[in-house]
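Residue numbers (our numbering): 23 to 352.
Here it is in structure tokens:
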């Protein structure tokens, strides 16, 4: 009997009837037997017949023979509440993803910043959206990097830089499309969108997948710190629409020609799914490998750039490819 009660409770915890459920309540079967009646939302379908059918078009179902009716009813109601809470979270996540995609892909006036009327900044404080979910990040790399934050931005991230093409090519990614950097009202600094097809190494995934990556960069006013953030959305992998890979690179000046580079990555789930732990560990392990390639190509690119530049002129020209960044760091 205890096994039956456990199975019964587990059944109600995992049932998917909440998609159409209006509400549930205690009832009786044959006058004396405890039962639970559930009522579906209008238009949800079902095959209720009198007396389970209702004049307003809603359908009722009655369940009896419970080991513990109160326990089952609470489990059912808890599942309904969790489902509606999940819907609200997913609605918010869709809005944030849509905002990020819209901001990263739009270009105002062929890359030119629109001039607006002066605003009293003291009277209207600027509050920018967070580009990534920092609470999901875990540290995967921390070491000295032979570049200043400003040089990292100008040499590796500028619109005319070939760095992104080089490391994507080294990873054997293809169909790379990079949009130019531009400002966005919702985020500090600048944003851009890149798309490519990436090789999949997991046996559960197809050979490759389309990926959209949104990038965000901010240089501090004193040029001693740079924050480079990315959000990757894989499209063709199992549960691809359920999660995003969030990453943050932070460079802080250590010496005149070097910085401390801290890289953190995490998986943000927009929806709950059964394989969250496996997806999280797999995505983080894969990004660790990607960081190794990115750093190797970055060092090679910086070395090549240093040997070909003359008197810092190339640094200055590369900097022109990026719009003047509003140098604020929240």
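From the three backbone atoms N, C-alpha and C, an ideal C-beta is built for every residue, glycine too.
With DSSP as the reference, label residue i as helix, strand or coil.
{"i": "residue 259", "result": "coil"}
{"i": "residue 146", "result": "Here residue 146 scores only 49 on pLDDT, less than 50, and its place in the model is too uncertain to base an answer on."}
{"i": "residue 273", "result": "strand"}
{"i": "residue 154", "result": "coil"}
{"i": "residue 284", "result": "strand"}
{"i": "residue 241", "result": "strand"}
{"i": "residue 278", "result": "coil"}
{"i": "residue 140", "result": "Since pLDDT at residue 140 reaches only 44, below the 50 mark, its modelled position is unreliable, and no value is offered."}
{"i": "residue 318", "result": "helix"}
{"i": "residue 297", "result": "coil"}
{"i": "residue 135", "result": "Its pLDDT being 39, under 50, residue 135 is placed unreliably by the model, and the measurement read from it follows with that caveat. Here residue 135 sits in coil by DSSP."}
{"i": "residue 327", "result": "helix"}
{"i": "residue 107", "result": "helix"}
So residue i and residue j are supposed to be a Cβ contact under 8 Å. How far apart are they, rounded?
{"i": "residue 217", "j": "residue 233", "result": "7 Å"}
{"i": "residue 170", "j": "residue 285", "result": "Contact doesn't hold; Cβ gap of about 17 Å is too wide."}
{"i": "residue 265", "j": "residue 289", "result": "5 Å"}
{"i": "residue 174", "j": "residue 321", "result": "No, residue 174 and residue 321 are not in contact; Cβ-Cβ is about 12 Å, not under 8 Å."}
{"i": "residue 209", "j": "residue 150", "result": "5 Å"}
{"i": "residue 166", "j": "residue 324", "result": "Going by Cβ atoms, the distance from residue 166 to residue 324 rounds to 13 Å, so no, they are not a contact pair."}
{"i": "residue 257", "j": "residue 231", "result": "6 Å"}
{"i": "residue 189", "j": "residue 102", "result": "The pair is not a contact, with the Cβ atoms about 48 Å apart (cut-off 8 Å)."}
{"i": "residue 159", "j": "residue 250", "result": "With 8 Å as the limit, residue 159 and residue 250 do not qualify as a contact, their Cβ atoms being about 13 Å apart."}
Out of the options, point me to the one whose CA is closest to residue i's CA.
{"i": "residue 287", "options": "273, 278 and 313", "result": "313"}
{"i": "residue 207", "options": "152, 201, 235 and 183", "result": "152"}
{"i": "residue 259", "options": "109, 190 and 219", "result": "219"}
{"i": "residue 305", "options": "247, 268, 167 and 181", "result": "268"}
{"i": "residue 225", "options": "328, 301 and 102", "result": "301"}
{"i": "residue 294", "options": "110, 57 and 99", "result": "110"}
{"i": "residue 8", "options": "172, 185, 310 and 237", "result": "This structure cannot settle anything about residue 8, because the visible part of the chain is limited to 23 through 352."}
{"i": "residue 181", "options": "198, 193, 202 and 187", "result": "202"}
{"i": "residue 154", "options": "187, 213 and 278", "result": "213"}
{"i": "residue 2", "options": "228, 223, 278 and 291", "result": "Any question about residue 2 goes unanswered here, given that the chain covers just 23 to 352."}
{"i": "residue 326", "options": "200, 183, 222 and 241", "result": "183"}
{"i": "residue 211", "options": "243, 328, 227 and 278", "result": "243"}
{"i": "residue 191", "options": "221, 215, 250 and 278", "result": "221"}
{"i": "residue 315", "options": "159, 163 and 112", "result": "163"}
{"i": "residue 200", "options": "193, 186 and 194", "result": "186"}
{"i": "residue 252", "options": "57, 99, 309 and 100", "result": "309"}
{"i": "residue 270", "options": "283, 229 and 96", "result": "283"}
{"i": "residue 263", "options": "248, 112 and 105", "result": "112"}
{"i": "residue 317", "options": "59, 168, 98 and 58", "result": "168"}
{"i": "residue 17", "options": "223, 328, 98 and 237", "result": "Because residue 17 is not part of the residues shown, which for the chain are 23 to 352, the question remains open."}
{"i": "residue 98", "options": "157, 248 and 58", "result": "58"}
{"i": "residue 236", "options": "247, 215 and 108", "result": "215"}
{"i": "residue 229", "options": "196, 104 and 108", "result": "196"}
{"i": "residue 223", "options": "241, 297 and 311", "result": "311"}
{"i": "residue 277", "options": "247, 108 and 297", "result": "247"}
Just grab the DSSP bridge partners of residue i for me.
{"i": "residue 307", "result": "Partner(s): none; residue 307 has no beta bridge."}
{"i": "residue 235", "result": "216 and 254"}
{"i": "residue 248", "result": "241 and 273"}
{"i": "residue 266", "result": "290"}
{"i": "residue 221", "result": "230"}
{"i": "residue 163", "result": "285"}
Checklist line | Length-filtered (4 minimum) alpha helix (DSSP H) runs lying within the stretch 165–216 | finding: 185–192
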